[in-house]
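Working notes, beginning with the structure itself.
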Amino acid sequence: MAAMDQSKIRNFCIIAHIDHGKSTLADRIIESTGLLTSREMQSQVLDNMELERERGITIKAQAVRTVYHAKDGGEYIFNLIDTPGHVDFNYEVSRSLAACDGAILVVDAAQGIEAQTLANVYLALDHDLEVFPVLNKVDLPSAEPDRVAAEIEDVIGLEAADAPRISAKTGLNVDQVLEEIVARIPAPQGDPEAPLQALIFDSLYDSYKGVIVFCRIKNGTVRKGTPIRMMATGAQAEVVEVGYFGAGQFIPCEELSAGMVGYLTASIKNVRDTMVGDTITGRDRPCSEPLPGYKKVTPMVYCGLYPADGAKYPDLRDALEKLQLNDASLFFEPETSIALGFGFRCGFLGLLHLDIIEERLEREYNLDLVTTAPGVVYRVHKTNGEMIELTNPSNLPDPSEIDYMEEPIVSAEIMVTTEFVGAIMTLCQERRGVYLGMEYIETTRALLRYELPLNEIIYDFFDALKSRSRGYASFDYELKGYQPSKLVKLDILVNREEVDALSFIVFEDSAYERGRKMCEKLKEEIPRHLFEIPIQAAVGGKIIARETVKAMRKDVLAKCYGGDISRKRKLLEKQKEGKKRMRQIGNVEIPQKAFMSVLKLDEE
Amino acid sequence: MSAAEEWELYLHLPFCVRKCRYCDFLSFPAGEEEKERYVRALIEEIATQKNRPQAAGRPVVSVFLGGGTPSLLSPSQIRRILEAVRSSFALADGAEITMEANPGTCGKSALSGYREAGVNRLSLGLQSVHEDELRGLGRIHTFADFLATYEAARAQGFENINVDLMSGLPGQTESAWEETLRRVIGLSPEHISAYSLIIEEGTPFGTMYGAMSRDLEVYGEYEEIPARRRASYGDLPPLPGERADRRMYRMTKELLADAGYARYEISNYARPGRECVHNTGYWTGRDYLGLGLGAASLERGSRFSVTADLKRYLGFDGGDFAAGRQYGDVRRLSKRERMEEFMFLGLRLIRGIRAKEFIRRFAVWPEEIYGAVFARLTEQGLLSRFGGETDPERRYALTDFGLDVSNAVLAEFLLDERE
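These protein sequences, in sequence, are chains A and B. Per my numbering, the very first residue in the first sequence carries number 391; after that it's consecutive. Per my numbering, the very first residue in the second sequence carries number 4; after that it's consecutive.
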């Protein structure tokens, strides 16, 4: 392919709140530029993973290149980069944005701006992207495009009066969007002759080609045989193939030059060599400095993952290794629990990330897992001056060795209709939130700013938020830093034996309440045995709460005659099978789901 | 196994006046014509056994006419069925021939006819002496009906009678149960079966009491169930909790022992020598052949059962029966499964299982298979050994506590696949 005329390239992404129609608009753009006929289209082409489709969210960044014949007679290359749509993947979002020159802001004309929209728009503006708004779902009876356009102008300061009013679902006015892309998104500016400088915005492991690196060429040109180097990780390789993104397929080409978006492969074995945000340069003719913004992603949430069947430990390790090939932000290391045996301490970007990994392990690798309560990374400052980052409550040093502890704090933005402001403020107070301020977006909606400890929001904060605002609140946060806090380890004793896998770190003043609820919950989860089982919560060896699982005194199948024997066998087998799915602690059988009890303390 | 090994027959007669609310047996109301068609099919099925080499010459030690309500058949129908049995099978001298009968379905002359047809043991479903409890269960008779039937049976010469009773009924008090027991003891039947009510899915009771019964399994006592759950049950009288249920079991055992009835199985009590031969066969692993709709069999290590589809059953002819086309779910038991059954059925008997019998069947001492289970259960006070460690006559039996929680105990005798 001859050197590409950069003025005919448009690299852009779509910013939207979940359900505002990002993927549907992407589908329409792909469809109307003729890459696929609508019959060939599976709905939402860009959400590749089965899980992504089910949950209606994007987990990995995707990209697709289409050709658009504009009304001015020109033929334009569109590179649409789809960004992950969840706060857990904020950093990935920022890297995807950095690969673009502009963004389409999709706002639901019935619902208006949400907290996440706002966060992503600011992120895009921070990256100097040209952002233009589109009002979607104007076909809905509840749509109020005028009101929402005014809101966009007031809140974000983007000119929105002439914004295309579309229905991505029916295709209404999507042609206007295509013209706006040509008119408003700037063409890339880069020097194809300069030293190579390319931004990695995602990567994918393929068992034949090795790592497939998704990149945006900022300067220079790369082709087969180019020796390259990743500037942050230092990994070196020789390019085997370059190409661009068809719909759901990789299309090889001669070269990628400045302004283009595409992929390269170079027999790279590990995605950790191609971290998102890193800069690819030429080994022999490097650029003077990397592109800005790279940061090493660190997990925010940790939990223990154990195979329900101890014999499946090697299978779990293999599965985690395979997932890690595609997911550089997944962390794991072996750990041992007295209660659960051999397993892994795993680190995740957030609870959704955890959820997704857990579900993929169970679905794609057929593993039955026991998960321990997720926790954040605490900093433990010891009296000897040493500081440890605590990811497993069991490793908490003896209290006498602890000088003080710190916990991660986030700054959160919550957007809510004014009638629920009181309820949401109460919720934030309960979660030890520090009020920073409130702005009225318009007369009926407010943006609340809080500082919250991360361990107060990782479990069920989002659910609580939704239920206390009847679904109207939206929420975004980012890690702000660490702050000293009065934290204690809450231990659970079952039949007087401490169960390490049930311990968790808790704010001292909440310990009694959490301990009490935990005992109540476990009382419901642990089936009755032939003996009485005390369940106790303790802090520093002192019992603070207790419940008792009463002994079972009667369990008889009164009748068993000729016709009942097969049924009786099934009943006994079920009883035995049920026991197999439990963990033996001393002589008590604890069901697997009990280890997640701490997550459910706020139900009802 | 020699061809001469004893076995027994079960004949299923699936008709009833109407379903009781707790009943999940294969039974239904039917007209005279349908009953007669059924009897003919059953007789045809029995007749084809004549030519089956597996059955030839094998002594039958008991026959059980169960249902449903077999006493809805006329004496002549019963006679024809038993004649067919005699002509196809080697009925042993003095074989126990039991028929289930419901009070209110058979008068004096009918009873006399059954007696003449060869029935020598009656099993009467009474369940309770209290009219409110009988109504609650959906029974079709009163206690007075029962008394009339019982007296008539005695007068017609039945000297081996079982009475079925049921504890754990909704709203039942311990004193109500005591009265049921005392009044039945006063009649001196030879055998008493005292069950506790099981709430089965797919029955009216399952719909009414399912949630309550499951919650009771979790919480033990009605009062322990969280109020918000209890509120969902509606206006039903509570099922007795675990404590009351257990006291009723104890009371049953004591009152019956005082009156000369020994408990020989979890729910069965008998005067000496009057234990039910037929049911004991089930618990000791004796072969049995089930004939009639849905009837289950155990024959030479296989379990199988007749179709439960009445239309199909009535459509079979002699050729179908001879070819075994009435059977479904044939399942060959592995040695492991046979050992498991030997244990979980045999331990229902109060006398337990004999080590010698285990080695005779499986050519291995039970300790080699179950040593660890025996040790664990003994330590927990659920199992006892009678006789020395090497005594060939040694037995293992559940303790009273073990019997109370027998489901949990018996499940321990299921082996892992690879063992």
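Glycine included, C-beta positions come from ideal geometry on N, C-alpha and C.
Cutoff 6 Å; reference residue i; Cβ partners in own chain excluding five residues on either side
i: lysine 53 of chain B; result: Ser91
i: glutamine 432 of chain A; result: Its pLDDT being 45, under 50, glutamine 432 of chain A is placed unreliably by the model, and the measurement read from it follows with that caveat. There are no such residues.
i: phenylalanine 985 of chain A; result: Val760, Thr762 and Ala891
i: cysteine 818 of chain A; result: Tyr840
i: glycine 144 of chain B; result: As written in the sequence, residue 144 of chain B is histidine, which differs from the glycine given in the question. Excluding sequence neighbours, histidine 144 of chain B sits near Pro106 and Gly107.
is_contact[residue i, chain A] using C-beta, thresh 7 Å
i: serine 270 of chain B; result: yes
i: serine 1 of chain B; result: With chain B covering only 4 through 422, there is no way to say anything about residue 1 of chain B.
i: aspartate 419 of chain B; result: no
i: tyrosine 13 of chain B; result: yes
i: tryptophan 10 of chain B; result: no
i: tyrosine 316 of chain B; result: no
i: aspartate 27 of chain B; result: no
i: leucine 172 of chain B; result: no
i: leucine 413 of chain B; result: yes
i: glycine 223 of chain B; result: yes
Same chain, Cβ closer than 7 Å to residue i, five either side skipped, listed in chain order
i: leucine 519 of chain A; result: Leu487, Cys490, Asp491, Gly492 and Ala493
i: leucine 920 of chain A; result: Ala941 and Met942
i: alanine 3 of chain B; result: Shown here, chain B extends from 4 to 422; a query on residue 3 of chain B therefore has no answer.
i: leucine 313 of chain B; result: Leu296
C-beta neighbour in chain B for residue i, strict 7 Å
i: tyrosine 794 of chain A; result: no
i: tyrosine 755 of chain A; result: no
i: valine 435 of chain A; result: Below a pLDDT of 50, predicted positions are generally treated as unreliable, and valine 435 of chain A, at 45, falls in that range; no measurement from the model is reported.
i: lysine 876 of chain A; result: no
i: glutamine 982 of chain A; result: no
i: glutamine 974 of chain A; result: no
i: glycine 953 of chain A; result: yes
i: serine 987 of chain A; result: no
i: glutamine 965 of chain A; result: yes
i: leucine 962 of chain A; result: yes
i: leucine 920 of chain A; result: yes
Residue i vs residue j beta-carbon contact at 7 Å
i: aspartate 472 of chain A; j: isoleucine 590 of chain A; result: no
i: alanine 405 of chain A; j: threonine 456 of chain A; result: Looking at the sequence provided, one finds isoleucine at residue 405 of chain A rather than alanine. No, the pair does not count as a contact, with Cβ atoms beyond the cut-off.
i: methionine 795 of chain A; j: valine 767 of chain A; result: no
i: isoleucine 916 of chain A; j: glutamine 926 of chain A; result: no
i: threonine 414 of chain A; j: tyrosine 458 of chain A; result: no
i: leucine 200 of chain B; j: leucine 172 of chain B; result: yes
i: alanine 802 of chain A; j: tyrosine 840 of chain A; result: yes
i: asparagine 782 of chain A; j: arginine 735 of chain A; result: yes
i: aspartate 663 of chain A; j: alanine 625 of chain A; result: yes
i: asparagine 469 of chain A; j: asparagine 401 of chain A; result: yes
i: leucine 586 of chain A; j: threonine 671 of chain A; result: yes
i: valine 939 of chain A; j: lysine 913 of chain A; result: yes
i: alanine 460 of chain A; j: valine 572 of chain A; result: yes
i: aspartate 524 of chain A; j: alanine 729 of chain A; result: Residue identity differs from the one stated: residue 524 of chain A is valine in this sequence, not aspartate. Against a cut-off of 7 Å, the Cβ pair of alanine 729 of chain A and valine 524 of chain A comes out as no contact.
i: arginine 339 of chain B; j: leucine 418 of chain B; result: yes
i: alanine 584 of chain A; j: glutamine 982 of chain A; result: no
Residues of its chain near residue i, where Cβ-Cβ distance is below 8 Å and the 5 sequence neighbours each way are ignored
i: glutamate 543 of chain A; result: Glu549, Ala550 and Ala551
i: glycine 223 of chain B; result: Gly244, Glu245 and Arg246
Contacting positions in the stretch 843-854 of chain A - beta carbon closer than 9 Å to chain B: So the list is empty, because no residue satisfies the distance condition.
Along the stretch 936-948 of chain A, where does the CB come closer than 7 Å to a CB of chain B? Name the residues. From the stretch 936-948 of chain A, only Lys940, Met942, Arg943, Lys944, Asp945, Val946, Leu947 and Ala948 have a Cβ closer than 7 Å to chain B.
By the 9 Å beta-carbon criterion, what residues does the stretch 283-308 of chain B contribute toward chain A? From the stretch 283-308 of chain B, only Gly284, Tyr285, Trp286, Tyr291, Gly293, Gly297, Ala298, Ala299, Ser300, Leu301, Arg306 and Ser308 have a Cβ closer than 9 Å to chain A.
In chain order, what residues of the stretch 893-917 of chain A put their CB closer than 7 Å to some CB of chain B? Hits within the stretch: zero.
So does the stretch 258-269 of chain B actually touch the stretch 15-30 of chain B, counting three or more Cβ pairs closer than 8 Å? No: fewer than three Cβ pairs fall under 8 Å.
Residues from the stretch 244-274 of chain B in contact with chain A, defined by Cβ distance under 8 Å: Taking a C-beta cut-off of 8 Å against chain A, the contacting residues of the stretch 244-274 of chain B are Glu245, Arg246, Asp248, Arg249, Tyr252, Ile269 and Ser270, listed in chain order.
Quick check: the stretch 275-295 of chain B against the stretch 949-959 of chain A, are there 3 or more CB pairs under 8 Å? Taking 8 Å as the limit for Cβ pairs, the verdict is that the stretch 949-959 of chain A does touch the stretch 275-295 of chain B.
Taking only beta carbons into account, state which residues of the stretch 384-414 of chain B come closer than 7 Å to chain A, listed in chain order. Flagged, chain order: Asp407, Val408, Ser409, Asn410, Ala411, Leu413 and Ala414.
Selection of the stretch 191-204 of chain B by Cβ proximity to chain A, strictly under 9 Å: Listed by position along the chain: Ser196, Ala197, Tyr198, Ser199, Leu200 and Ile201.
Are the stretch 865-876 of chain A and the stretch 842-853 of chain A touching, with three or more C-beta to C-beta distances below 8 Å? The stretch 865-876 of chain A is in contact with the stretch 842-853 of chain A.
Along the stretch 328-346 of chain B, what residues have a CB closer than 9 Å to any CB found in chain A? Sequence-ordered contacts of the stretch 328-346 of chain B with chain A read Asp332, Arg334, Glu340, Glu343 and Glu344 [C-beta pairs closer than 9 Å].
Would you call the stretch 595-605 of chain A and the stretch 566-582 of chain A touching, i.e. three or more CB-CB distances under 8 Å? Contact between the stretch 595-605 of chain A and the stretch 566-582 of chain A is absent, because fewer than three Cβ pairs lie under 8 Å.
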